[in-house]
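Novice: Here it is, the structure, as structure tokens.
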Amino acid sequence: MSPRRRRSLVSLAVVVVLAAAAVMAGFVVVRDRLPIARDAAVRGAASGAEDDEGLPPAGRTGTAACTDPVGHREWRVSWRTAPSSNGVVLTPTAFESRATGSSAWTDEGARDWQLRWSGGTLLSPEFGSLLAEKTSIGTLPELARQRIPVRASPRYVSPDGACTVFATPYGGGRADERQVAVIGDSLVGQLGPVPGPEGPNLVAAELPRDRVEVNGQGGRRWTQIPDAKPGLDSANLVMTDEIRGLRGATSQVVALGTNDVGWVSQAPDRQQFELRKAWVVLHLSPLLDEVEASGQCTVVLTAEDRDVTYLQGNAAWYAEAAAEVNDLMRRRAAEDPDDDLRLWDWAAISAAHHTRDRESWFGKDSVHLNPTGRQRYAEEIAKASSLCQ
């Protein structure tokens, strides 16, 4: 038997043992491929008349929806706009859902939803200009009392945490240009305007003719942790709900993975490291299945993959896990027959620019970006978005 064949068999045996161990530990292990029907009618956010910057003026009504292909449910928010001293504001008028394929909507206004909106930027000496997000939880009557500026991109997370309904995304650009959605963790959250809190975020500055929605939140992941609580709590750990809510854009760019791999690197011993790595790989695969089946052109970015000490985690384990997760994304993008799942290799692009390199793009914590890195990351995200036209 050749050495390569022997290594393959050993690797397969390890995966089988780890998957079995994960089940014994109480983990829910999903199949490698999720049978999701291809979505022939991608539905994303907003409907209704818009002004010349792509946002609804005062006195308008509209609806927005988000579809969960795993739970086979569609969630809908109806809204109206009004004038205020803060500009045009939006309030919800109905929360509803229906089973996929059904024509009848069910009132969901008595259940708790989470309202999120962009809260401007926060200036940090270490991390730069951070995109901020504000949140509130309540029923329809409670959230209807909050008048959110349409420019703040109000969005509503469904009670089960599966979908985020964006009411007025892609503001601040020309209504006739393409829509670009960028979804990620705190590295994307670092791409606020430079040098100060005014002006467009760095990605929008790189794409001045496009309508850009950038949603980057610290700590977010591709995959849930094993003991995550269901519902709104779980939605605050991952970006699955935002990915579903922003389908329908011309280009969707997803930049996640650092926190998944970082969690793996924090394992207390080698056995737990292998279990965590298997968990992330096994649960990332069905998420990529969903992206492929959505009919949405989506570009995934690989995560930084070396010289990373993630919150006192093991740097060698981080590199090992990142290589496996990134290789999975590279392979799945290369194998997608419909070319809906595409890849931009940030790990390869940034490989010679880590903290010990002469021209570093990363800060002292080895995870987040320094000023040069923030600019380069925004440039690479803008280039990645051009893969979808």
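Take any residue in the sequence shown, note its place counting from 1, add 4, and you have its number in my numbering.
We treat Cβ as the ideally placed atom computed from N, Cα and C, and that holds for glycine.
Model, not experiment: these values are computed from the prediction.
(1) Counting pairs of beta carbons, one from the region 264-280 and one from the region 213-222, are three or more of them closer than 8 Å?
(2) Could you tell me which of M243, D237 and L236 sits nearest to G220, measuring between CA atoms?
(3) Tell me the start and end of each unbroken beta strand (DSSP E) in the region 95-152 that is at least 3 residues and wholly inside, in chain order.
(4) Taking the continuous alpha helix (DSSP H) assigned at V295, which residues delimit it?
(5) Let me check one thing: in DSSP terms, what residues is W72 bridge-paired to?
(6) As an exercise, report each continuous alpha helix (DSSP H) stretch of at least 4 residues that is fully enclosed by the region 295-321, in chain order.
(7) Pull up the DSSP beta-bridge partners for N219, would you.
(8) Considering only C-alpha positions, which residue in the set P60, D369, A386 and T306 is nearest to G175?
(9) So, with DSSP's three-state summary, where would you put W348?
(10) Alpha carbon to alpha carbon, how far is G299 from V81?
(11) Spell out the partners DSSP gives V169 in its beta bridges.
(12) Are the CB atoms of V329 and C392 within a distance shorter than 8 Å?
(13) For the beta strand (DSSP E) containing Q256, name the first residue and the last one.
(14) Flag this pair as touching only if the region 358-374 and the region 272-279 have three or more C-beta atom pairs under 8 Å; answer yes or no.
(15) Among A382, V92, L373 and L135, whose alpha-carbon lies nearest the alpha-carbon of W348?
(16) Do G91 and P153 come within 8 Å of each other at the CB atom, strictly closer than that value?
(17) What does the Cβ neighbour count give for K233, buried or exposed, with the cut at 16 atoms within 10 Å?
(18) G249 to T227, Cα distance in whole Å?
(19) Could you check how far apart the C-beta atoms of A307 and V265 are, in whole angstroms? I think they sit under 8 Å.
(20) Ends of the alpha helix (DSSP H) at R380?
(21) Is S389 near V257, with beta carbons less than 8 Å apart?
(22) Does the distance from the CB of V285 to the CB of L332 come in under 8 Å?
(23) Nearest-angstrom Cα distance between P163 and P96?
(24) Tell me which same chain residues have a C-beta within less than 7 Å of the C-beta of T313, skipping the five on either side of it?
Specialist: In brief:
(1) no
(2) M243
(3) 117-128 and 132-142, all fully within the region 95-152.
(4) R274 to A297
(5) Note that residue 72 corresponds to Asp in the displayed sequence, not to Trp. Paired residues: R77.
(6) The DSSP assignment places no complete alpha helix (DSSP H) segment of no fewer than 4 residues inside the region 295-321.
(7) I187
(8) Among P60, D369, A386 and T306, the Cα nearest to that of G175 belongs to P60.
(9) Residue state, collapsed to three classes: strand.
(10) 23 Å
(11) Y160
(12) no
(13) S255 to A259
(14) no
(15) A382
(16) yes
(17) exposed
(18) Looking at the two C-alpha atoms, the distance is approximately 17 Å.
(19) In this structure A307 touches V265 by the C-beta definition: roughly 6 Å separates them, less than 8 Å.
(20) P375 to S389 is the extent of the alpha helix (DSSP H) around R380.
(21) Between S389 and V257, the gap from beta carbon to beta carbon is short of 8 Å.
(22) yes
(23) 15 Å
(24) Counting only residues of its own chain and dropping the five nearest sequence neighbours on each side, T313 has a CB closer than 7 Å to the CB of A319 and S370.
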